[in-house]
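Novice:
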Amino acid sequence: MIQLSATHILYLVEAARWTVLLSLIAFAGGALVGLPLALMRVSRSKLLRGLASVYIQIVQGTPLLIVLFLSYFGLGILGYKLDPLVAAGISFTIYAAAFLGEIWRGCIEAVPKTQWEASDCLGLNPVQQYAYVILPQAVRIATPPTVGFMVQIVKNTSLASVIGFVELARAGQIVNNSTFEPFAIFAVVGAIYFAICYPLSVVGRYLERKANAGR
Amino acid sequence: MSYKFDFEFLAERWPDFVAGAWLTIQLTVASIALGFLVGTVCALARVYGGPVLRRIVGVYVEAIRNTPLLIQIFIVYFGLSSLGLKLSAEVSAIVALTVNMGAYTTEIMRAGIQSIQRTQLEAADCLGLTRLQTILHVVLLPAMERVYPALSSQFVLLMLASSITSQISAEELTATANLVQSDTYRSFEVYVIVAVVYLALSALYRFALWAIGLVLFERRRKLGTPL
Numbered sequence: 159m160i161q162l163s164a165t166h167i168l169y170l171v172e173a174a175r176w177t178v179l180l181s182l183i184a185f186a187g188g189a190l191v192g193l194p195l196a197l198m199r200v201s202r203s204k205l206l207r208g209l210a211s212v213y214i215q216i217v218q219g220t221p222l223l224i225v226l227f228l229s230y231f232g233l234g235i236l237g238y239k240l241d242p243l244v245a246a247g248i249s250f251t252i253y254a255a256a257f258l259g260e261i262w263r264g265c266i267e268a269v270p271k272t273q274w275e276a277s278d279c280l281g282l283n284p285v286q287q288y289a290y291v292i293l294p295q296a297v298r299i300a301t302p303p304t305v306g307f308m309v310q311i312v313k314n315t316s317l318a319s320v321i322g323f324v325e326l327a328r329a330g331q332i333v334n335n336s337t338f339e340p341f342a343i344f345a346v347v348g349a350i351y352f353a354i355c356y357p358l359s360v361v362g363r364y365l366e367r368k369a370n371a372g373r
Numbered sequence: 002m003s004y005k006f007d008f009e010f011l012a013e014r015w016p017d018f019v020a021g022a023w024l025t026i027q028l029t030v031a032s033i034a035l036g037f038l039v040g041t042v043c044a045l046a047r048v049y050g051g052p053v054l055r056r057i058v059g060v061y062v063e064a065i066r067n068t069p070l071l072i073q074i075f076i077v078y079f080g081l082s083s084l085g086l087k088l089s090a091e092v093s094a095i096v097a098l099t100v101n102m103g104a105y106t107t108e109i110m111r112a113g114i115q116s117i118q119r120t121q122l123e124a125a126d127c128l129g130l131t132r133l134q135t136i137l138h139v140v141l142l143p144a145m146e147r148v149y150p151a152l153s154s155q156f157v158l159l160m161l162a163s164s165i166t167s168q169i170s171a172e173e174l175t176a177t178a179n180l181v182q183s184d185t186y187r188s189f190e191v192y193v194i195v196a197v198v199y200l201a202l203s204a205l206y207r208f209a210l211w212a213i214g215l216v217l218f219e220r221r222r223k224l225g226t227p228l
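Now the structure itself:
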C-alpha cells in the first residue's frame, strides 16, 4: 500500500490552483452576466424585470449539480461535446449570475431614492445616473455580501469533480484511490479549502462591520 | 440539429423518479429537522454559554461553513468507514447534511437570539417564568420569527444541495437520474426532467415553510404582516 506522503500533499496543493482558477472564471462570468440581470431586475420595463426574475427563480430552484450534468452530459449527447473546463465554466457562470444578480439588485435598491431624484434634477440621463451616482454607492453596499458569496463559489467548484475536471476535490479522490486513507486525505483537502475560504469569510465580515459602523 | 428529443423512457421509468424524489424528501426533511435542532442548541451555547463552549461552537461553524459539502460527505462516508464506523449511504447523507445544516442554522439563529433585547429577559424574570420557559417562549420563538425568511431559504438550499449525496450512491433523485441516463442514453431529457422536479420541490418546500410559519407564529397569522 502506498503511504500518504509529501508528494501527495504537493499534488493536492497544485490541484488547488485549478480550484482557484475555476472560482475566478465563475466569478468573472457571474459578474458579467449578473450585473445586467441586476439592472434588468430594477428596470422600468415589466418585460425585462419578468425575464430576469424567471431566470433567477429557475436557477435558484435547481441544484448546481444538475446544471453541470446538463451542460456536460446533456449538451454532449445533443452533439455539442464540451471540454470539462468549458462546461464547468458555463455552469458556474449560470449559477453565480443568478445569485450575484439577486444580491446586487438588493444593493441597487438600497441606494436611497433621493439620490435618483437629485440626479434627475441635475439633468443627468439614466446612463449617467447609473454610472456617476447610483452604481458607485451600490458598489460600496455590495462589497461585503459579494465577498461572502465568493466563499460559496469556491466551495461549489468542488462539484466540477463530478464531470471529471481535476481540481482539488477530484485530486483528493485520485490520491485516495491509490492510498486508501480517505479520512486523512479528505481532511487535508478540507483544510486546503478552508485555507482559501476562511480569509475570504473574515474579510467579508470585516467589510460588513465597517460598512455598518458608518451608519 | 439532427437530434430528436425522446421522452419515451418516462413511460417505463417514471416510478424510479418518484422513488428518487421521495428519498430526497425523506433525506432532506430528516436533516432539516435534526440540523435545526443542532443549530438551535449551538446558537444558544454560542450566545449564553461559557467561553470554552462558545469557542467550540465557533470552530464547528467556521470549519463547516468554509469547506465544501462534497468533502464533508466524503469524510462521513469514506472517512468514517475507514476508521471502522460503517454507515449506509443514506445514513451518511443524513449525518453530513445535518452537520452542514446545523452550522448554518447556528449562525442564523444566533443573529435572531442576539436581536432579543435584554429587557425581554428581565420581564420574563419578573413574571416568574422558569429558565426553560424563558428560553422557549421569550427567546427562541420570537428569535425564530425574526430570522424565519433566512431560515426558510437555507432549508430550500439544503434540499437542492442534497443532490450532492448522489456521489456516495444514496439513491435519491440525482442518483436516479444518473442511473436512468446511463441505461437510456437520454441524458439531456433526463436532466431536464429532474431539473423540473427539483423546481417543483423547491416550490413545494417554500409553500410548506410558509404554511408552517403561519401555524407557528400567531402574530404573523393574525396581522398578516412579516416582522
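Residue numbers (our numbering), protein chains in the order written: chain A, 159 to 373; chain B, 2 to 228. All residues carry an ideal CB built from backbone N, CA and C; glycine is no exception.
Does F6/B pass the burial test, meaning 16 or more other C-beta atoms within 10 Å, or should it be called exposed?
Specialist: Position 5 of the second sequence, counted from the start, is the residue given in the question as residue 6/B. So F6/B ends up on the exposed side.
Novice: Using Cβ-Cβ distances below 9 Å, what residues of the region 306-321 of chain A are close to chain B?
Specialist: Cβ contacts with chain B: V309, V312, K313, N314, T315, S316, L317, S319, V320.
Novice: Mapping DSSP to helix, strand and coil, what is Y186/B?
Specialist: Within the second sequence, residue 186/B is the residue found at index 185, counting from 1. Note: Y186/B maps to coil in three-state DSSP.
Novice: May I ask you to verify whether the region 122-141 of chain B touches the region 174-190 of chain A, counting CB pairs closer than 8 Å and requiring at least 3?
Specialist: Taking 8 Å as the limit for Cβ pairs, the verdict is that the region 174-190 of chain A does not touch the region 122-141 of chain B.
Novice: Between the region 60-79 of chain B and chain E, which residues of the former have CB atoms less than 9 Å from a CB of the latter, in chain order?
Specialist: Among the chains of the structure shown, chain E does not appear; the protein chains present are A and B.
Novice: Which of the three DSSP states is assigned to S1/B in this structure?
Specialist: No statement about residue 1/B is possible, as the shown extent of chain B runs from 2 to 228 and does not include it.
Novice: Please go through the same chain and pick out, in chain order, the residues whose beta-carbon is closer than 7 Å to the beta-carbon of I252/A, but skip the five residues on each side of it.
Specialist: Counting from 1 along the first sequence, the entry for residue 252/A is found at position 94. Correct list, in chain order: V217, V225.
Novice: Assign C127/B to buried or exposed, taking buried as 16 or more other Cβ atoms, counted over all protein chains shown, within 10 Å of its Cβ.
Specialist: Residue numbering aside, residue 127/B sits at position 126 when the second sequence is read from its first letter. That one is exposed.
Novice: Helix, strand or coil for R202/A? Go by DSSP, reduced to three states.
Specialist: Your numbering for residue 202/A matches position 44 in the first sequence. In this structure, R202/A counts as coil in the three-state DSSP scheme.
Novice: Quick one: what does DSSP say I194/B is sitting in, helix, strand or coil?
Specialist: On the second sequence, position 193 is the one that residue 194/B refers to. Three-state DSSP puts I194/B in a helix.
Novice: Residues of chain A with a CB under 9 Å from the CB of T175/B: which are they?
Specialist: Position 174 of the second sequence holds residue 175/B. Those within 9 Å of T175/B in chain A are P221, L223, I224, F227.
Novice: May I have the straight-line CA-CA distance separating A353/A from L24/B, to the nearest angstrom?
Specialist: As a working note, residue 353/A is residue 195 in the first sequence. As a working note, residue 24/B is residue 23 in the second sequence. Taking the straight line joining both Cα atoms gives about 34 Å.
Novice: Is there a Cβ from chain A that is less than 8 Å from the Cβ of L137/B?
Specialist: Here residue 137/B corresponds to residue number 136 of the second sequence, with the count starting at 1. It does not: the Cβ of L137/B has no partner Cβ on chain A nearer than 8 Å.
Novice: Check distances from the C-beta atoms of the region 181-196 of chain B to those of chain A and list, in chain order, the residues that come in under 9 Å.
Specialist: Residues passing the 9 Å Cβ filter: Q182, Y186, R187, S188, F189, E190, V191, Y192, V193, V195, A196.
Novice: Quick test of your reading: I33/B and L158/B, contact by CB under 8 Å. State the CB separation rounded to the nearest angstrom.
Specialist: Here residue 33/B corresponds to residue number 32 of the second sequence, with the count starting at 1. Here residue 158/B corresponds to residue number 157 of the second sequence, with the count starting at 1. Wrong, their Cβ atoms sit about 11 Å apart, outside the cutoff.
Novice: How would you list, in chain order, the residues of chain B whose beta-carbon sits under 8 Å from the beta-carbon of P242/A?
Specialist: Stepping through the first sequence from its first residue, residue 242/A is reached at position 84. Residues of chain B passing the Cβ test: none, with the nearest at roughly 15 Å.
Novice: What distance in whole Å lies between the Cβ atoms of V320/A and Q168/B, which are believed to be in contact at a cut-off of 8 Å?
Specialist: Looking up residue 168/B in the second sequence gives position 167. Looking up residue 320/A in the first sequence gives position 162. 6 Å between Cβ atoms; contact.
Novice: Is the beta carbon of S89/B within less than 7 Å of some heavy atom of the ligand PLP?
Specialist: With respect to the ligand PLP, the structure shown offers nothing to examine, as it has no ligands at all.
Novice: Express the C-alpha separation of A327/A and Y78/B in angstroms, rounding to a whole number.
Specialist: Indexing the second sequence from 1 puts residue 78/B at position 77. Indexing the first sequence from 1 puts residue 327/A at position 169. About 15 Å.
Novice: Suppose you measure from the CA of I136/B to the CA of M110/B; what does that come to, to the nearest Å?
Specialist: Locating residue 136/B in the second sequence gives position 135, counting from the first residue. Locating residue 110/B in the second sequence gives position 109, counting from the first residue. Looking at the two C-alpha atoms, the distance is approximately 13 Å.
Novice: Using the three-state DSSP reduction, which class does P270/A fall into: helix, strand or coil?
Specialist: By 1-based counting over the first sequence, the position of residue 270/A is 112. The answer is coil: DSSP assigns P270/A none of H, G, I, E or B.
Novice: What does Y4/B reach in chain A if we use C-beta pairs closer than 9 Å?
Specialist: Taking the first residue of the second sequence as 1, we reach residue 4/B at position 3. By Cβ distance, chain A contributes I235, L236, G237.
Novice: How big is the Cα-Cα spacing for F185/A and M308/A?
Specialist: In the first sequence, residue 185/A corresponds to position 27, counting from 1. In the first sequence, residue 308/A corresponds to position 150, counting from 1. Each residue's Cα considered, the two are about 7 Å apart.
Novice: Taking the alpha-carbon of P294/A as reference, which of K313/A, I266/A, T315/A has the nearest alpha-carbon?
Specialist: Position 136 of the first sequence, counted from the start, is the residue given in the question as residue 294/A. Closest option to P294/A, Cα to Cα, is I266/A.
Novice: So which residues of chain B does Y356/A contact, with C-beta pairs closer than 8 Å?
Specialist: Stepping through the first sequence from its first residue, residue 356/A is reached at position 198. The contacting residues are E63, N67.
Novice: Quick one: Cα of Q118/B to Cα of L71/B, how far?
Specialist: Working through the second sequence from its first residue, we reach residue 118/B at position 117. Working through the second sequence from its first residue, we reach residue 71/B at position 70. If I take the Cα positions, the gap works out to 38 Å.
Novice: Thinking just about the alpha-carbon of each residue, which of P340/A, K368/A, Y356/A, A210/A is nearest to the one in G80/B?
Specialist: Numbered from its first residue, the second sequence carries residue 80/B at position 79. For the residues P340/A, K368/A, Y356/A, A210/A, the minimum Cα distance to G80/B belongs to P340/A.
Novice: Return the chain-ordered list of same chain residues with a C-beta closer than 7 Å to the C-beta of A178/B, the five sequence neighbours on each side being excluded.
Specialist: For the purposes of this step, residue 178/B is taken as the residue at position 177 of the second sequence. Cβ neighbours of A178/B beyond the five flanking positions: V191, Y192, V195.
Novice: Out of R363/A, A342/A, V200/A, which one is the CA nearest neighbour of A268/A?
Specialist: Indexing the first sequence from 1 puts residue 268/A at position 110. For A268/A, the nearest C-alpha among the options comes from V200/A.
Novice: Cβ atoms of S203/B and G219/A: under 8 Å apart, would you say?
Specialist: Taking the first sequence and counting its residues from 1, one reaches residue 219/A at position 61. Taking the second sequence and counting its residues from 1, one reaches residue 203/B at position 202. Yes; because the gap between Cβ atoms is below 8 Å, this pair is in contact.
Novice: Note the first and the last residue of the continuous alpha helix (DSSP H) segment covering Q73/B.
Specialist: Mapped onto the second sequence, residue 73/B falls at position 72. 70-75 is the span of the alpha helix (DSSP H), which, as asked, contains Q73/B.
Novice: With DSSP collapsed to three states, give me the class of D7/B.
Specialist: In the second sequence, the residue the question calls residue 7/B occupies position 6. DSSP places D7/B in coil when its eight states are reduced to three.
Novice: Should V30/B and R47/B be called a contact, given that it needs their Cβ atoms to be closer than 8 Å?
Specialist: Numbered from 1 along the second sequence, position 29 holds the residue referred to as residue 30/B. Numbered from 1 along the second sequence, position 46 holds the residue referred to as residue 47/B. No, these two residues do not count as a Cβ contact at 8 Å.
Novice: Output yes if chain B places a C-beta closer than 8 Å to the C-beta of Y351/A; else output no.
Specialist: The residue you call residue 351/A lines up with position 193 of the first sequence. Judged by the 8 Å Cβ criterion, Y351/A is in contact with chain B.
Novice: Does E229/B pass the burial test, meaning 16 or more other C-beta atoms within 10 Å, or should it be called exposed?
Specialist: Missing from the structure shown is residue 229/B; chain B here goes from 2 to 228 and no further.
Novice: Name, please, each residue of chain A whose Cβ falls closer than 8 Å to the Cβ of L84/B.
Specialist: To locate residue 84/B, count along the second sequence from 1; it is residue 83. Correct list: F341.
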